[in-house]
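Below: the structure, in structure tokens.
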Amino acid sequence: MYKCILSIVVYFSFGIAVLFAQQEQSYDPWIWVSEPPEDCPFEQSTEIVGVALTENYRHYKLENGYSFADTWYPTWAANDTMYSPWTDGRCPRLDGSWDHSQSGHLNYDKEQVYTNEGKIGMQATTGQAVMVGDDPLNMHIYSLGKYNGDPAPYNGRYPCGSLVYNGIWYYGTYCLAPAGTANIGGFDYNWPWLGPLVGFRTSTDYGKSWQDTPHTPENSLFGETGMWGYPVKMGAPHFVDFGKNMEYSPDGKAYLVGMGAEVNDLMPREANLSWISGDQIYMCRVTPSIQNMNDMSKYEYFGGHDEKGSAIWTADFKEIKPLVDWNDNCGCVTMTYNAPLKKYLLTITDGWPTVAKMNSYILESDNITGPWKLVSYMKDFGEQAYFLNFPGKFISENGKSLWLCYSGNFAMGWNDMKISSFPPGSDYGLVMQEMILLDKRSYKKIVNNPVPEAD
């Protein structure tokens with residue numbers, strides 16, 4: 008049952024002026040039932056026992072009806088504006104036109120990359136955008152252009168960790184292989200090999216101009232390689248969202264979480280470590296500066312816990328240990344600090360086998376290095392949602408209402424797989440979906456509310 012949004016709903020944290028302006032329909036919150044697998048290694052949280060959705064969402068589109076591009080990871084700058092990467096699609100410009108970015112090549116021919124005269128650049132592009140506004144349903148989003156980057160010897164080079172801190176934008180890219188469509192054993196996979204983080208390009212004028220990273224795919228920041236499916240550790244890393252200009256960083260450092268796998272995998276499979284699937288989650292940290300961000304020696308790596316449960320940090324990348332270890336159940340990862348609740352929220356998508364329905368789950372902890380407890384295991388969320396993150400700017404004053412930013416449903420029909428849009432609003436491009444974190448009392452209050460139908 009729904010009601011006009013002009014009525015006041017206690018679950019929302021935005022002002023009445025915004026509600027009047029939107030004229031949206033507001034549905035009673037409904038619970039996304041958690042369905043963890045039997046081998047789930049996390050105990051259920053007793054403080055945040057589940058999540059609810061409100062059908063307050065927006066799938067952003069261009070004026071011509073086309074969806075936006077995907078790969079949105081907003082970072083909240085000191086000027087109260089959010090900035091984000093984007094790619095594989097379109098983004099509007101201020102002059103009414105639009106930019107198009109494509110980060111991968113469909114067909115990789117090494118003879119086109121290496122000749123007798125040396126390597127020929129295969130330019131992939133990654134876009135940068137501004138996201139203006141305090142209402143996630145009505146942001147003014149526009150492109151600042153796109154940037155060329157050579158993915159060779161890989162076939163794709165995509166955006167990952169993005170951070171604006173003290174007026175400097177750090178923009179990371181990572182590589183993928185062997186192709187956007189890779190047929191293995193009669194099954195079409197999407198980017199089944201995850202390559203390394205290349206490094207960070209930087210901007211001192213909020214994305215108008217850029218200084219490229221000194222690193223290349225063959226000489227990556229952490230010295231990792233993903234060629235021929237060799238596993239990396241800090242794959243597709245993303246900065247922990249500490250709020251506006253990193254105001255809630257515990258020590259002034261920037262933290263990154265990435266996905267990876269081990270060489271001696273006890274449960275091997277095709278596309279094990281892909282753009283959206285993996286075995287473990289890893290973490291590193293660095294004091295952000297132009298001098299430090301592309302210097303491996305300035306980083307510290309999470310090395311597990313000591314006998315007292317305190318985190319171990321090491322300068323030796325070889326000593327890095329998993330932050331989360333759940334073989335065949337990890338993948339693309341982001342983390343946000345929920346300051347009102349004093350909780351770290353870790354969001355992981357297990358998207359294996361890369362083009363089917365995808366499972367995402369949310370973990371919580373009082374500490375940035377865990378231990379972690381399960382908030383909700385969202386089986387088939389989207390039903391193919393990926394690149395999930397909670398922008399810190401849109402966390403309510405009590406911390407219980409927040410907005411999930413994600414993309415979805417890019418591979419509808421691959422391998423004859425039928426994909427629906429669920430929760431409603433899930434689609435390719437940029438989706439903003441309101442979510443409510445539930446304690447035991449609020450869970451019981453709405454447990455019988457009806458669940459909407461898929462789009």
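Numbering (the working numbering), first residue to last: 8 to 462.
Positions of the beta carbon are idealized from the N, C-alpha and C atoms, including for glycine.
Note that the structure is a prediction, hence the values are computed from the model and not measured.
Item	Value
Excluding sequence positions up to five away, which residues of its chain have a Cβ less than 8 Å from the Cβ of residue 190?	196
Within 10 angstroms of the Cβ of residue 283, are there 16 or more other Cβ atoms? Answer buried if so, exposed if not.	buried
Which whole-angstrom value describes the C-beta separation of residue 355 and residue 288, a residue pair presumed to lie in contact below a C-beta threshold of 8 Å?	7 Å
In angstroms, rounded to a whole number, what distance separates the CA positions of residue 143 and residue 439?	7 Å
Return the CA-CA distance between residue 277 and residue 182, expressed in angstroms with no decimal places.	18 Å
Enumerate in chain order the residues of its own chain whose CB-to-CB distance from residue 7 is below 8 Å, with the five nearest sequence positions on each side excluded.	What is shown of the chain runs 8 to 462, which leaves residue 7 out entirely.
Just to confirm, are residue 406 and residue 64 a CB contact at a threshold of 8 Å?	no
Taking residue 308 as the reference, which of 325, 176, 206, 272 has the closest Cα?	325
With distance defined between alpha-carbon atoms, name the residue in 417, 444, 453 nearest to residue 96.	417
Would you mind working out which of 435, 402, 451, 263 sits nearest residue 483, comparing C-alpha positions?	The structure shown does not extend to residue 483, since the chain spans only 8 to 462, so no value can be given for it.
To test your reading of the DSSP string, which unbroken alpha helix (DSSP H) runs of 4 or more residues are found completely within the region 179 to 243?	none
Could you name the residues of the same chain whose beta carbon sits closer than 8 Å to that of residue 372, not counting the 5 residues immediately before and after it, in chain order?	350, 351, 353, 378, 379, 380
Let me know the secondary structure DSSP gives residue 309 once reduced to three states.	strand
Pull the bridge partners of residue 284 from the DSSP assignment, please.	Answer is none; residue 284 lacks a bridge partner.
Let's see if you can read the secondary structure: which residues bound the alpha helix (DSSP H) around residue 485?	Here the chain comprises residues numbered 8 to 462, so residue 485 is not present and cannot be evaluated.
So residue 290 and residue 330 are supposed to be a Cβ contact under 8 Å. How far apart are they, rounded?	5 Å
In whole angstroms, what is the alpha-carbon distance linking residue 31 and residue 66?	Residue placement at residue 31 is poorly supported in this model, since its pLDDT is 46, which falls under 50; the coordinates are not used for a value here.
With a threshold of 8 Å, are at least 3 pairs of Cβ atoms found where one atom belongs to the region 68 to 81 and the other to the region 154 to 163?	no
Does the count of Cβ pairs from the region 163 to 183 and the region 128 to 137 closer than 8 Å reach three?	yes
Would the region 447 to 458 count as touching the region 53 to 64 if we require 3 or more Cβ pairs under 8 Å?	yes
Check for me: the alpha helix (DSSP H) holding residue 419 runs from which residue to which?	Run containing residue 419: none; DSSP gives neither H nor E here.
If you drop the 5 nearest sequence neighbours on each side, which residues of the same chain put their C-beta closer than 6 Å to that of residue 390?	364, 426, 427, 429
Going by other Cβ atoms of all chains shown within 10 Å of its Cβ, with 16 needed for buried, is residue 451 buried or exposed?	exposed
Would you kindly work out how many angstroms separate the C-alpha atoms of residue 322 and residue 304, rounded to a whole number?	7 Å
Taking only three categories from DSSP, how would you classify residue 374?	coil
For residue 336 and residue 456, what's the separation of their Cα atoms in angstroms?	30 Å
What does DSSP give as the partner residue(s) for residue 292 in the beta ladder?	262, 307
Considering only C-alpha positions, which residue in the set 147, 327, 92, 258 is nearest to residue 103?	147
Does the count of Cβ pairs from the region 205 to 215 and the region 251 to 260 closer than 8 Å reach three?	no
Report the rounded CA-to-CA distance for residue 219 versus residue 299, giving the unit in angstroms.	14 Å
Sort 108, 184, 136 by Cα distance to residue 155 and report the nearest one.	108
Distance check for residue 454 and residue 105, CA to CA, integer angstroms please.	44 Å
For residue 397, does the three-state DSSP call read helix, strand or coil?	coil
Am I right that residue 240 and residue 297 are in contact with their C-beta atoms under 8 Å? What's the rounded C-beta distance?	Not quite, the Cβ-Cβ distance comes to about 25 Å (not below 8 Å), so this is no contact.
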